[in-house]
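Working notes for the structure below.
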Amino acid sequence: MSDIPPNTPEALVAAVLKRLKTEFDDLTVAPYPDRPESYQLKHPTGVLLVRYTDSRYGPSLDTRVVQERRMALEVTLYLRALRGDGGVDTVLERLRLNLTGYAPDGFDKLRPLRDGFVDENNGLWRYAMDFETGTTVIEGIEAFEEDGTPRAVKVTLRDADGQVLREITGDDAQ
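Take 41 as the starting number for the sequence shown in the numbering used here and just add one per residue.
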């Protein structure tokens, strides 16, 4: 079991880093630096830097606090080329294809929100792509099992059209 609590920004970033390191072995993949102004690109092609940016919370879904949490993630690209194999155009598209639909444990599928130019400095191009995912917030420590996984308070089974087949609540949902 990981020491990273589930359904947290830290868990989301760790899962995305792991996936990108596997899929982008031609680039450096790392967490966004604490001091980005002093970051030095050492890789001959470029780097993907991953960071959590923010969350938005939905209305409470129960008498207890049970809410949807929409979480945003940014992947910043620092690349030495604008075009070609290791260029911004190619890497942005690879990134979009790799993360769109990916569902880290405890989260919904990632979906892209936007991408775009940030700046250029001495031939170093910086672009960013933002993604969003969802998870569920449950109040209090008693809402978690001993292993840190969230307890189910309500399970809704739906068919392919979204019609409710069965709802299970309370201790029966465990």
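Cβ atoms here follow ideal geometry from the backbone N, Cα and C, with glycine treated the same way.
If you're wondering where the values come from, they're calculated on a predicted model, not measured in any experiment.
Quick check on DSSP: helix, strand or coil for residue 176? In the structure shown, residue 176 sits in a strand (DSSP, three-state: E or B).
Nearest candidate by alpha-carbon position, reference residue 73, set 66, 85, 65 and 89: Looking from the CA of residue 73, the closest CA among 66, 85, 65 and 89 belongs to 89.
Kindly indicate the opening and closing residues of the alpha helix (DSSP H) around residue 130. Start and end: 128-139.
Delimiting residues of the alpha helix (DSSP H) encompassing residue 123: Segment: none, residue 123 is in no alpha helix (DSSP H) and carries neither H nor E.
Tell me whether residue 105 sits in a helix, a strand or coil according to DSSP, three-state version. Three-state DSSP puts residue 105 in coil, outside helix and strand.
Among 177, 48 and 170, whose alpha-carbon lies nearest the alpha-carbon of residue 113? Of the residues 177, 48 and 170, the one whose Cα lies closest to the Cα of residue 113 is 170.
Any idea which residues DSSP pairs residue 114 with across the strands? Residue 114 is bridged to 91 and 170.
Cβ-Cβ distance between residue 53 and residue 71 below 8 Å: Contact: yes.
Can you tell me where the beta strand (DSSP E) holding residue 68 begins and where it ends? Element bounds for residue 68: 68-71.
Does the separation of the CB atoms of residue 127 and residue 119 fall below 8 Å? Taking 8 Å as the Cβ cut-off, residue 127 and residue 119 qualify as a contacting pair.
Using the Cβ count rule (16 or more neighbours within 10 Å means buried), how would you classify residue 143? Looking at its Cβ environment, which holds fewer than 16 other Cβ atoms inside 10 Å, residue 143 is exposed.
Suppose contacts are defined by Cβ-Cβ distances below 8 Å. Is residue 208 in contact with residue 195 by that definition? In contact: residue 208 and residue 195 (Cβ atoms closer than 8 Å).
Could you tell me which of 105, 82 and 110 sits nearest to residue 94, measuring between CA atoms? Taking only the C-alpha atoms, the option nearest residue 94 is 110.
Alpha-carbon spacing of residue 164 relative to residue 81, whole angstroms: Within the model, the alpha-carbon separation for residue 164 versus residue 81 is close to 9 Å.
Cβ shell of residue 64 (< 7 Å), same chain only, five flanking positions each side left out: The beta carbon of residue 64 is closer than 7 Å to those of 88 in its chain, skipping five residues each way along the sequence.
Could you spell out where the beta strand (DSSP E) holding residue 151 opens and where it closes? That run of the beta strand (DSSP E) goes 151-161.
For residue 48, which three-state DSSP category applies? Of the three classes helix, strand and coil, the one that applies to residue 48 here is coil, per DSSP.
If you draw a straight line from the C-alpha of residue 61 to the C-alpha of residue 68, how long is it? Cα atoms of residue 61 and residue 68: separation of roughly 8 Å, rounded to the nearest angstrom.
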